[in-house]
Ligand code: GLU
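Numbering (the working numbering), first residue to last: 2 to 308.
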């Protein structure tokens with residue numbers, strides 16, 4: 002049987018414009034898809050409505066276009082997909098895999114945390130709500146076994162969900178579906194075969210594989226590309242006040258993104274239009290050349306003011 006044709010995706014959260022770090026994830030997923038002759042989709046992950054910034058989704062799409070990152074088909078928008086997420090939650094409930102939880106953030110503040118700083122849920126509501134408590138969120142019961150997976154960049158990894166994460170939220174106390182559930186439902190809905198994304202999501206992967214198993218969905222292949230940090234070693238993000246990609250100097254910004262991915266364009270191409278740099282990178286793309294280590298962002302100089 003032939004393997005499923007490659008379908009990749011870039012799934013930004015429109016909490017603000019793209020910055021140098023999110024560009025690296027976009028470029029990596031684009032190159033991996035195009036080098037495989039595959040489709041490259043864009044999904045707008047505007048699930049966490051309170052964190053989304055009005056207008057950011059459009060800005061992101063214009064930024065992708067400006068960098069020559071041309072996607073296939075329509076953009077899938079998560080805020081229009083609640084019915085699909087509700088159906089998946091219903092399936093988890095029917096399996097007895099999901100249970101209501103009454104815990105508040107402050108009640109869990111003293112719980113142990115994993116190496117990512119996330120609370121490891123102590124299982125307070127696992128066997129039923131405490132007397133008089135009101136359900137706030139929904140969690141998935143996780144098994145005390147190792148989930149093994151192979152990341153194309155990080156190699157063979159394993160995580161015990163019970164030890165490192167605990168039963169995790171699939172529907173939040175504010176009524177919104179959680180990222181872990183939505184990403185799994187949407188990757189399957191869009192037929193995604195290859196996920197290429199930032200390394201900050203590496204340790205979310207076993208949660209997603211577990212949900213895929215419960216819901217009878219295929220598990221795509223995963224590759225987690227290096228993060229870009231600021232000089233203080235913090236991941237570039239809205240929280241660390243990462244600057245939006247500049248409107249000018251795109252050639253230098255893209256050359257830097259390609260260098261972070263272990264594919265610095267040759268000197269004669271570093272000043273080329275984005276489309277020319279990308280065409281070179283598609284032809285030379287080797288995921289084994291992508292480093293594991295994060296890269297510190299250089300403030301990009303654009304002395305020539307080229308677009
Ligand atoms: N929306 C997530 C983010 O912007 C990415 C999710 C994913 O690629 O799985 O960090």
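From the three backbone atoms N, C-alpha and C, an ideal C-beta is built for every residue, glycine too.
It should be emphasised that the depicted structure is a prediction, and the values quoted were computed from it without experimental measurement.
Look at residue 290 here: in three-state DSSP terms it is helix. Contact between residue 299 and residue 257 holds: CB atoms are separated by about 6 angstroms, below the 8 angstroms threshold.
Take the alpha-carbon of residue 295 and the one of residue 103: they are about 38 angstroms apart. DSSP places residue 238 in the coil class of the three-state scheme, outside both helix and strand. In the structure shown, residue 225 adopts extended strand secondary structure according to DSSP, grouped into three states. Around the beta carbon of residue 287, a 10 Å sphere encloses fewer than 16 other beta carbons of the protein chains shown; the residue is thus reported as exposed.
No Cβ-Cβ contact shorter than 9 angstroms links residue 184 with residue 159.
Closer than 8 angstroms to some heavy atom of the ligand GLU: that does not describe the Cβ of residue 227.
For residue 210, the enclosing alpha helix (DSSP H) covers residues 206 to 216. The criterion of a C-beta distance shorter than 9 angstroms is not satisfied by residue 252 and residue 224.
With a beta-carbon spacing of about 13 angstroms, residue 243 and residue 57 fall beyond the 8 angstroms limit used to define contacts.
As the crow flies, the alpha-carbon of residue 35 is around 31 angstroms from that of residue 215. When the Cα atoms are used, residue 128 and residue 99 turn out to be separated by approximately 11 angstroms. In the three-state scheme derived from DSSP, where H, G and I count as helix and E and B as strand, residue 48 is classed as coil.
For residue 22, no beta strand (DSSP E) segment is defined; the enclosing uninterrupted segment is the alpha helix (DSSP H) at 21 to 36. Across the set 49, 274, 44, 205, the C-alpha of 205 shows the shortest separation from the C-alpha of residue 116. Taking all protein chains in view, the Cβ of residue 249 is surrounded by fewer than 16 other Cβ atoms within 10 Å, so the residue is classified as exposed. Here residue 79 is near residue 44, since their CB atoms are less than 9 angstroms apart.
Within the chosen limit of 8 angstroms, the ligand GLU does not reach the beta carbon of residue 110 with any heavy atom.
DSSP places residue 275 in the uninterrupted alpha helix (DSSP H) bounded by 275 to 285. Inclusion of residue 194 and residue 18 in the CB contact set at 9 angstroms is not warranted, their separation being larger than that value.
Judged by DSSP secondary structure, residue 170 falls outside any alpha helix (DSSP H) and instead within the beta strand (DSSP E) spanning 169 to 172. Assigned with DSSP and collapsed to three states, residue 85 falls in helix.
Taken through DSSP and simplified to helix, strand or coil, residue 7 comes out as coil. For residue 152, the enclosing beta strand (DSSP E) starts and ends at 147 to 152. In this structure, residue 46 has its beta carbon less than 8 angstroms from a heavy atom of the ligand GLU. Residue burial annotation: residue 64 is buried, with at least 16 other C-beta atoms found within 10 angstroms of its C-beta.
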